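Student: Take a look at the following structure, please.
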Amino acid sequence: ALHDGEDVDGSIECYAQCLRSYLKYFGKDSLYVAETLVGMGKAFATRENHQKSLQCFDKALRIYEFKELLVPKDKMGIIHREIGQSVVQQGGDVHEALEHYRSSVSFLEDCNGNNDLNEQLLLFYSEMVVFLREALRSDDDVELRAELSEEIGDVLHRMGNLHATFGAHTKAMDCFAEVLEIQRNTNNDELRMADLLFNMGNIHVEMKQFDEALVCLQNSYNITNEALGEGNKELHSTLYLMGVVFMGLADLESALEWFTRALSVLTNE
């Protein structure tokens, strides 16, 4: 309660008293100790004492890892994010911070969480992209820069998918458009570009922008068809959505043709 108010020093002292008691009665590996260290770390972060904050979070993480089966994955994700933040705030290596962010988002992704967890995951993605861009600016190694660019695209792709689930279509499209540009400038993974174009087409459909959807989906179809062949089941969703687009364009004959092709792929006819 003190931490939520303005008496940060008072909250640190309360945490310290709790910590002494928990260490005495439950031992150094108690989850009570870990939770207290997390609270103390956040209080030190509020005071911008990032060295002590990092020490608290690091000790808490060791306990969490020792008791991993008892610790919810979202807590593991949050502590890794706190460490990543503290590393950067005290002027540490951004690559070290990124390792913690990778662990953080991995744990949260495994939670299959509700909207609150997904909003938290979206926040962590956006922070991770900032640090990835910082690492990209500071590295001269060509191979490493390519890997960082690809990772930025991967995180932005996941951000776009989450924005889409929240109905934030403009933000989702911004993410997908940037990923598409990254793909064109780096490894040019054709099937990934097809997936991005499908996602963009799907959002255009939801926004009833059928002409724009048609362009995205037709390009997605062309890429996938050339890579995998006409009868591949990977084409089903694209074929079906093309039918939806033509329904929206009031071209029922074309819609029926695409729906039939989608059915044919599923039944291997």
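Each residue of the sequence shown is one higher than the last, beginning at 927 in this note's numbering.
C-beta: ideal position from N, C-alpha, C; glycine also.
Just so it is clear, the structure is predicted and the values come from calculations on it, not from any experiment.
How about VAL1105 and ALA1139: are their beta carbons less than 8 Å apart?
Tutor: No, the Cβ-Cβ distance between VAL1105 and ALA1139 is not below 8 Å.
Student: Can you give the Cα-Cα distance for ALA1120 and SER1146, rounded to whole angstroms?
Tutor: Near 4 Å, if we compare the C-alpha coordinates of SER1146 and ALA1120.
Student: Check the C-beta distance from LYS999 over to ASP1036 and give it rounded, since I have them as a contact under 8 Å.
Tutor: About 5 Å; that satisfies the 8 Å criterion.
Student: What distance in whole Å lies between the Cβ atoms of ASP1065 and LEU1074, which are believed to be in contact at a cut-off of 8 Å?
Tutor: Yes, they are in contact, since the Cβ atoms of LEU1074 and ASP1065 sit about 7 Å apart, within 8 Å.
Student: Give the DSSP-derived three-state secondary structure of ARG1084 in the structure shown.
Tutor: The answer is helix: DSSP assigns ARG1084 an H, G or I state.
Student: SER1064 by DSSP, collapsed to three states: which one?
Tutor: Residue state, collapsed to three classes: helix.
Student: CB-CB under 6 Å to VAL924, same chain, minus the five flanking residues each way: which ones, in chain order?
Tutor: Any property of residue 924 remains undetermined from this structure, which presents the chain solely from 927 to 1195.
Student: Have a look at VAL934 and CYS944 and give me their C-alpha separation to the nearest angstrom.
Tutor: Taking the straight line joining both Cα atoms gives about 15 Å.
Student: On the three-state DSSP scale, how would you describe SER1030?
Tutor: Here SER1030 sits in helix by DSSP.
Student: Should GLU1116 and ALA1153 be called a contact, given that it needs their Cβ atoms to be closer than 8 Å?
Tutor: Yes; because the gap between Cβ atoms is below 8 Å, this pair is in contact.
Student: Buried or exposed: where does TYR951 fall if 16 or more other Cβ atoms within 10 Å of its Cβ makes it buried?
Tutor: Exposed, by the Cβ-count rule.
Student: Check whether the Cβ atoms of LYS985 and ASP955 lie closer than 8 Å to each other.
Tutor: Going by C-beta atoms, LYS985 is not nearer than 8 Å to ASP955.
Student: Of the residues GLN1144, GLN981, ALA960, GLU1160, which one's Cα is nearest the Cα of GLU991?
Tutor: When each option's Cα is compared against that of GLU991, the closest is ALA960.
Student: Can you give me the Cβ contacts of GLU1132 inside the same chain, cut-off strictly under 6 Å, excluding the 5 residues immediately before and after it?
Tutor: Answer for GLU1132: no residue qualifies.
Student: Let's test the definition: count the other Cβ atoms within 10 Å of the Cβ of GLY1093 and tell me whether it reaches 16, buried, or not, exposed.
Tutor: Exposed.
Student: Kindly indicate which three-state DSSP category THR1210 falls into: helix, strand or coil?
Tutor: Because the chain here runs from 927 to 1195, residue 1210 falls outside it and cannot be looked at.
Student: Is the separation between the beta-carbon of VAL868 and that of MET1054 shorter than 8 Å?
Tutor: Residue coverage of the chain in this structure runs from 927 to 1195, which leaves residue 868 outside it and unanswerable.
Student: Taking the runs of the alpha helix (DSSP H) that are 4 residues or longer, which of them lie wholly in the segment 938-1023?
Tutor: The qualifying runs are 957-972, 976-992, 999-1015.
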